[in-house]
Amino acid sequence: MEHIINTCDILKIRYPSAKFVICGDFNEINTEELENALSLSQVIDFPTHNQTVLDEIVTDLSNQYLPPQPLPPVGKSTHLSILWTPIPTTTHHQPPIIRKYRPTPDSLIRGFGQWLVHYPWVEVLTVSEVDIKWENYSTTITQAYHHFFPEKSTTVHPSDMPWITTRIKKTH
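Counting from 1, one number per residue, gives the positions in the sequence shown under full-length UniProt numbering.
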C-alpha cells in the first residue's frame, strides 16, 4: 500500500492535474489508508464475490462516471465483472483563434528610429492647414510602422493551457 501511495504522490508532484483509478481484487487489503492519503473514494457498493466487496475501484474521478454496474463473472471466475461507464459529455468544437501581433525586436526599433530621424517630412512641413498636416503625418507614420513592424499571426486554441506559447508549439 505504501508503494502505491508514494508512487501516486510522485506522479501528483510531476503532473499536478493527474487523476487516479486504482482497481483490482483487494481481497483482505483495507483501502482506507490509500483513500485517506490520496483523497480518493471507493465506488463499488455491491458484493463482487459471494457477499463481500473484494474487487474495488478507488479513484478521484467518481463524479465523472456513472455508478458501477455488476455483470456476470467472466469464464470460470467466481468474481462478478464490473462495468464502470463514463458520464456522457457533449463536446463543443471551438474554432481556433487567430491572434495578430507585431514583433518589435531592438533591431527593428533602431531601424524605425533611424528612419524617423532622417525622414524629410516634406508632406507635413510644406502644408499650412493643420488638419491636412495631421492626416499626412498620421498616414506617413502608419505606413512606416507597418513597414518596419510587419504583422504576424499565430493560432491559439481555446483548450490550450495559458503557458502554451507559439515557441513551444513550433518545437513539437
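Backbone N, C-alpha and C fix where the C-beta goes; we use that ideal spot for every residue, glycine too.
The model shown is predicted, which means the values in this text are computed figures rather than measured ones.
Going by beta carbon distance, what residues of the same chain come within less than 8 angstroms of residue i, once the five residues before and after it are set aside?
i	result
Tyr-101	Glu-151, Lys-152, Ser-153, Thr-154
Gln-94	His-157, Pro-158, Ser-159
Asn-136	Glu-123, Val-124, Val-127
Phe-112	Ala-144, Tyr-145, Phe-148, Phe-149
Gln-114	none
Leu-71	Leu-80, Ser-81, Ile-82, Leu-83
My understanding is that residue i touches residue j, with C-beta atoms under 8 angstroms, so please give their C-beta distance in whole angstroms.
i	j	result
Met-1	Leu-34	6 angstroms
Tyr-65	Ile-87	6 angstroms
Leu-38	Phe-20	7 angstroms
Is residue i buried or exposed, if buried means 16 or more other CB atoms sit within 10 Å of its CB?
i	result
residue 173	Because residue 173 is not part of the residues shown, which for the chain are 1 to 172, the question remains open.
Thr-59	buried
Asp-55	buried
Pro-68	buried
Could you tell me which residues DSSP puts in a beta bridge with residue i?
i	result
Tyr-119	Paired residues: none, contrary to the question.
For the segment 66 to 84 against the segment 41 to 54, do three or more pairs of beta-carbon atoms, one drawn from each stretch, fall closer than 8 angstroms, so that the two count as touching?
yes
Three CB pairs or more closer than 8 angstroms across the segment 154 to 172 and the segment 137 to 144
no
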